Amino acid sequence: MLLKVIAVVFIGFIVYILFFKNKRVDGVKKNDKLISDEMVECPTCSTYVAQSEAILSSGRFYCSKECLNNKKAK
Numbered sequence: 019m020l021l022k023v024i025a026v027v028f029i030g031f032i033v034y035i036l037f038f039k040n041k042r043v044d045g046v047k048k049n050d051k052l053i054s055d056e057m058v059e060c061p062t063c064s065t066y067v068a069q070s071e072a073i074l075s076s077g078r079f080y081c082s083k084e085c086l087n088n089k090k091a092k
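Quick note on my numbering: the sequence shown kicks off at 19 and runs consecutively.
If you want it as structure tokens, here you go:
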């Protein structure tokens, strides 16, 4: 009886690994693009911000509206 329970648990574990673990790995691969977002430097305060979250103005990326309004003249 104990051998049957161990066999069922083992088979369930194998099924889990074959079908469900692959889906989790695929989900991570799809999200890798979000992790590799390029960091850009704000020309006003010199902090780094993700390019997807930055504010683009005149070909430069700013970290916030305050930095955009207080631009340094270069």
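Backbone N, C-alpha and C fix where the C-beta goes; we use that ideal spot for every residue, glycine too.
Just so we're clear, the structure is a prediction, and the values are computed from it rather than from any experiment.
- Pairing ALA72 with CYS63, the inter-Cα distance amounts to about 13 Å.
- According to the DSSP secondary-structure assignment, SER75 is paired through a beta bridge with ARG78.
- Judged by DSSP secondary structure, GLU84 falls within the alpha helix (DSSP H) whose first and last residues are 83 to 87.
- Between LEU86 and SER70, the CB-CB gap reaches or exceeds 8 Å.
- 8 Å or more divides the Cβ of PHE37 from the Cβ of CYS60.
- Counted as a single uninterrupted DSSP element, the beta strand (DSSP E) harbouring MET57 occupies residues 57 to 59.
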